[in-house]
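J.:
In UniProt numbering, the protein residues as written are 1 to 151.
What follows is the structure in structure tokens.
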């Protein structure tokens, strides 16, 4: 958990855009590991496939294809950083005090929804919406192919 927080903090504080993207990938992988620990394997797999795989590829390509490749560091434009710490500290204090004052009630653990249960629900209860979504995606794919061929 501490590693996820450190990677997230480094993601927003480093000046190099590529390094920030790498720390974002570490953060997203850590979140996927938390899903695995919570026995939500399907959500963890989707986290890795969608966010770490697809979104990080998009971000890395966007960083690499920008015109500022010679200087990938973000310029420092905010001169008065010290003024940020007062509201940040106040918000942090309010959040920590709210967390400490909240009566956390426990309940019986619920059964986790795994990929088999989700698949059965998609093929039994939600078969019509599932097929409608698949047709919409098929039409979008065919449209993308037609547009790509015309160029």
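C-beta atoms are modelled at their ideal positions from N, C-alpha and C, and glycine is treated no differently.
Could you spell out where the alpha helix (DSSP H) holding residue 126 opens and where it closes?
T.: Looking at the DSSP string, residue 126 is not in any alpha helix (DSSP H), and its letter there is neither H nor E.
J.: Roughly how far, in whole angstroms, is the beta-carbon of residue 27 from the beta-carbon of residue 7, given that I think they are within contact range, below 8 Å?
T.: 4 Å
J.: How long is the line joining the alpha carbons of residue 58 and residue 51, rounded to whole angstroms?
T.: 10 Å
J.: Using CA coordinates, which residue listed in 134, 25 and 93 is at the minimum distance from residue 53?
T.: 25
J.: Would you give the residue range spanned by the alpha helix (DSSP H) that residue 22 belongs to?
T.: 17-37
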